[in-house]
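Heads up: the structure comes next, in structure tokens.
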Amino acid sequence: MTTTLPVADQASTFRQLRARLLRNGLRVALEHSRTRLVTMLGTSAFVFGFTFAVGMYLFNQLAKTNVPFKGGIVEGLFDLMFFTLGTMLVFSTGLILYASLFTSPEARYLLCSPARADRIFATKFQAAVAFSSWGFVVLGIPIFLAYGIVSGVPWYFYALLPAYLLGYVLLPGSFSAALCLLLVRYMPRNRRQFLVVVALIAAAVLGFWLYKVGMGLKRSAATGGREIDDLIGQFDLFRSGFAPSHWMTRGVMAAARDDLTGALIPLAQVWSNGLLMYVLAAWVAKRVYRTAYDRIAGGGRGKKIYKTSWLDRVMEGMVFYLDRRTRTLVVKDFRTFRRDPTQWAVLILFALLMMLGASNFRQYYSAGLAVMDKYAVSLMNLCGTAILLCAGLSRFMFPLISLEGRKFWILGLTPVSRDQLLWGKFVFATTGALVIAETLILVSDVLIGLPWEGIVLHAAVMAVVAVGLSGLNVGLGAYLPNFKETDPSKIVVGFGGTVNMVVGLGFLVIVIGTMAVPMHTAQLAKAASVAAGGSDAINPWVYVGVPVGLVVGALAVVLPLRAGARSLRAMEF
Amino acid sequence: MIDITNVSKSYGPKVAVQDLSLHIPDGELFAFLGPNGAGKTTTIKMLCGLLFPTTGSVRVGGFDLRTHGDQARALVSYVPDQPFLYEKLTGREFLQFTADLYAMPREKAAEKIDEVIELFHLDEFVDDLTERYSHGMRQRTVFASALVHDPKLLIADEPTVGLDPKSIRELKTLLRKLADGGTTVFLSTHTLDIAQELADRIGIIDRGRLLGCGTMTDLRKHAAMDGNLEELFLKITEEPAVEVPV
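As given, the protein sequences belong to chains A and B, one line each in that order. Position 321 of the first sequence, counting from 1, maps to 321 under the working numbering, and the rest follow consecutively. The number in the working numbering is simply the position in the second sequence, starting from 1, with 1000 added.
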């Protein structure tokens, strides 16, 4: 047997690696990707500021209704918030870790080296947790800042805040990491069947719980808040002494009440349990990571036979007005889209959440409970759908031309003109965007009970948004292509993708701001005026922004597509 | 250096490698040939410790990859057909990382890094970030990092893809020199000329079974025909997969 080689200080080696990657990445970002960096920081600052403003508003509202800031109701709210954020962290860390431990080229490279399994896990875990907790910090800190400012807390409340949030990230992250490793290692061979059963059980439990919460909320609202026991009872699970979210709440509330000892004990509890869970996860990684990798790589799948689907025929029917060649291109793009579940899963998830929210609102509304104004809610739905569309089209439509570029010679040799190619992608994007966005907005508006003029206006706004965003994404995708990259997600975060995203968001602000916001503002003002015994008239000038939005929409289609077509025609392959 | 004993590897219902046994001594340059999907890459992945055999055992330098994987991998360098580099590291930083990972003393690492930079002519771009490298530059950098720690076993999967003719010539000379110096080289390739020119022994695998293994003379005897490696390869792989004594 050959003698054992010296053992490397792998912790230090990986620390240096991360430091170098960070330093070089920052340098490159500062030198070559300032737009991207500024966009990232700007977006984070915007989200931070927006959350802070909303937090200030809501806590001030609580102050007006004389709700005790350091009492049971706020404690319940914090419990709910920490539990929700913790659950989100479990899912996001698990997903990121799964990808980075089992599918990334880096993991494959490191597993072939003498790097220890727990060391590879540690380095991947830190990256995953840092990535997934970014949102937690950006959302969590402004809420507590707002709380601290409005309620008046001692100075160390602010000093302890980062320690609480960082410590809390460890526990769900480590739990999720260990769960991910164990699932991959010991999941039954028939993965799909197993996952479907687990998902169904989870959905049933969640559905039942949401139903109970809904009933409790309804009862509470019906009695003007007098009977809230039912509602509070539904949250007992994460208010118990075993729930880490409750340790956080206890500590934060104690700090707010100027009880330093009471604040430090839960903090120690959060950190010690988080670290213990991390050590446990690293131990699990040491034991099972390599065999789990082997299992996933050697799992094998039955040979899947892909056939044409009736959905392809529906898509082809929807673009019947195109010539046959362009139709073929559209169906090809659609087939690629539908065969990748990651592309449409988020859309379905969002649609379901939106429908759930809208149907709940309808229940309150039909019960005569003006919990929230339908105009405010429907405007939120409109904005949410538009942002979802913007993100979806940026992710899936913008990189289409860049990805074609790598096999451009195939298209270059076919008897399809490049204008046709661009036109086909535009039609594909527009058809899909219109169907999804109009369905979402119309169904949710009907569920909410919005009057017909509001529904018509929303349909028009959505049409302008869908067509305009499709033109922007396809046109800019051709004008600012990235042929070097094969990974669409990297194309999206590159220079062209960032410009496209920023322009798209700007477009949304203008279209919604000119076409929809004036009407909603007027309706909200009317409701206030009627309540005060004033007039219920709506000034027709609120619709003057509609033609402006239409012109902006037309420009968003024509200008980028023209620039993209020119760029595509000049392209060599 | 390599002891593969009755190894089988299944991907679900599909058997990728079936009852493979192979012994490769120190300092041998072994070429592993086979059609696409024959089981070459699976065998390589088991040699690197990335996958474990379903049955049988794989030992490198006396260490069983399943029970003493860390020690075994410390002896091995693997150059895959699609090389991995950290995009936000320079070539030099990547070489340093590799040296650190293999626990090389600082001075020795610095010496070896300079040596491989010169050997693979990396000096013009070694201080650029690897995200700007062409495929050939990446391949040369990965080779340099594979050799920086003086491995006892070098495994290369299609090492000449993306290299220019001059680099291929230099690589061939280097591989032969390494084997002559005592390093075992396990080469998987579709370029039969290279295998015929360089290898001490050649193994031919198809549908997971080793169909033939030995020197050119052994293979000619096995195929019962005279000719170059291309002709032998076609003859051996056209026959139905039957067990052949190794």
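All residues carry an ideal CB built from backbone N, CA and C; glycine is no exception. These numbers were taken from a predicted model, which means no experiment stands behind them.
- Not flagged as an interface residue toward chain A: arginine 1201 of chain B, since no C-beta distance is shorter than 8 angstroms.
- Under the three-state reduction of DSSP output, threonine 1054 of chain B falls in the coil class, being neither helix nor strand.
- In chain order, Gly477, Ala478, Pro481 place their CB closer than 6 angstroms to the CB of isoleucine 401 of chain A, counting only its own chain and leaving out the 5 sequence neighbours on each side.
- In the three-state reduction of the DSSP assignment, aspartate 1128 of chain B falls in the coil class, being assigned neither a helical nor a strand state.
- In this structure, glycine 545 of chain A sits away from lysine 1088 of chain B, with a CB-CB distance that is not shorter than 8 angstroms.
- Here glutamine 1071 of chain B is actually not in contact with phenylalanine 1084 of chain B; their C-beta atoms are around 23 angstroms apart, not less than 8 angstroms.
- Note that the C-beta distance between leucine 171 of chain A and valine 270 of chain A is below 8 angstroms.
- Scanning its chain for C-beta atoms nearer than 6 angstroms, with the 5 sequence neighbours on each side dropped, one finds around valine 461 of chain A the residues Met515, Ala516, in chain order.
- Residues of the segment 1004-1037 of chain B with a Cβ closer than 9 angstroms to any Cβ of chain A, in chain order: Lys1009, Ser1010, Tyr1011, Gly1012, Pro1013, Lys1014, Ala1016.
- Taking the CA atoms as reference points, leucine 1101 of chain B sits about 10 angstroms from serine 12 of chain A.
- CA-CA distance, threonine 261 of chain A to lysine 70 of chain A, rounds to 16 angstroms.
- Residue range 1184-1188 is occupied by the beta strand (DSSP E) that includes phenylalanine 1186 of chain B.
- The three-state secondary structure of aspartate 419 of chain A, taken from DSSP, is helix.
- In the structure shown, serine 133 of chain A falls within a helical segment according to DSSP collapsed to helix, strand and coil.
- Check the Cα spacing between cysteine 112 of chain A and each of B:Leu1174, B:Thr1183, B:Leu1232, B:Leu1051: the tightest is with B:Leu1051.
- Considering only beta carbons, the part of the segment 95-119 of chain A lying closer than 8 angstroms to chain B consists of Pro105, Glu106, Arg108, Tyr109, Leu111, Cys112, Ser113, Pro114, Ala115, Arg116, in chain order.
- Less than 8 angstroms separates the beta-carbon of alanine 1199 of chain B from that of phenylalanine 1030 of chain B.
- Nearest to glycine 513 of chain A by C-alpha distance, out of A:Val435, A:Ser104, A:Leu457, is A:Leu457.
- Using a Cβ-Cβ cut-off of 8 angstroms, alanine 1144 of chain B is close to nothing in chain A; its nearest Cβ partner there is about 15 angstroms away.
- Contact residues of the segment 1034-1067 of chain B toward chain A are Lys1045, Cys1048, Gly1049, Leu1050, Leu1051, Phe1052, Thr1054, Gly1061, Gly1062, Phe1063 (C-beta to C-beta distance below 8 angstroms).
- For phenylalanine 242 of chain A, the three-state secondary structure derived from DSSP is coil.
- A straight-line Cα-Cα distance of about 48 angstroms links alanine 459 of chain A and tyrosine 1086 of chain B.
- Restricting attention to B:Leu1187, B:Thr1130, B:Lys1014, the CA atom closest to the CA of lysine 1040 of chain B is found in B:Leu1187.
- Check the Cα spacing between leucine 101 of chain A and each of A:Phe83, A:Gly86, A:Leu440, A:Gln126: the tightest is with A:Gln126.
- Restricting attention to A:Thr430, A:Met277, A:Ala256, the CA atom closest to the CA of phenylalanine 334 of chain A is found in A:Thr430.
- Approximately 10 angstroms separates the beta-carbon atoms of glutamine 420 of chain A and threonine 328 of chain A; this is outside 8 angstroms, ruling out the contact.
- The beta-bridge partner set that DSSP reports for aspartate 118 of chain A is empty.
- Residues of chain B with a Cβ closer than 7 angstroms to the Cβ of aspartate 333 of chain A do not exist, since the nearest Cβ in that chain sits about 27 angstroms away.
- Between lysine 374 of chain A and glycine 449 of chain A a beta carbon distance of about 6 angstroms is seen, short of the 8 angstroms cut, so the two are scored as contacting.
- With contacts defined as CB atoms closer than 8 angstroms, glycine 207 of chain A and lysine 1009 of chain B fail to qualify as a contacting pair.
- Taken atom to atom, the span from the alpha-carbon of arginine 569 of chain A to that of methionine 318 of chain A is near 27 angstroms.
- Close partners of glutamate 1093 of chain B in chain A (Cβ separation under 7 angstroms): Arg20.
- Between glycine 497 of chain A and chain B, the shortest Cβ-Cβ separation is not below 8 angstroms.
- In this chain, the alpha helix (DSSP H) harbouring cysteine 180 of chain A covers 155-186.
- Within 10 angstroms of the beta-carbon of isoleucine 410 of chain A lie fewer than 16 other beta-carbons, which makes it exposed.
- For phenylalanine 1233 of chain B, no Cβ of chain A is located within less than 8 angstroms of the residue's own Cβ.
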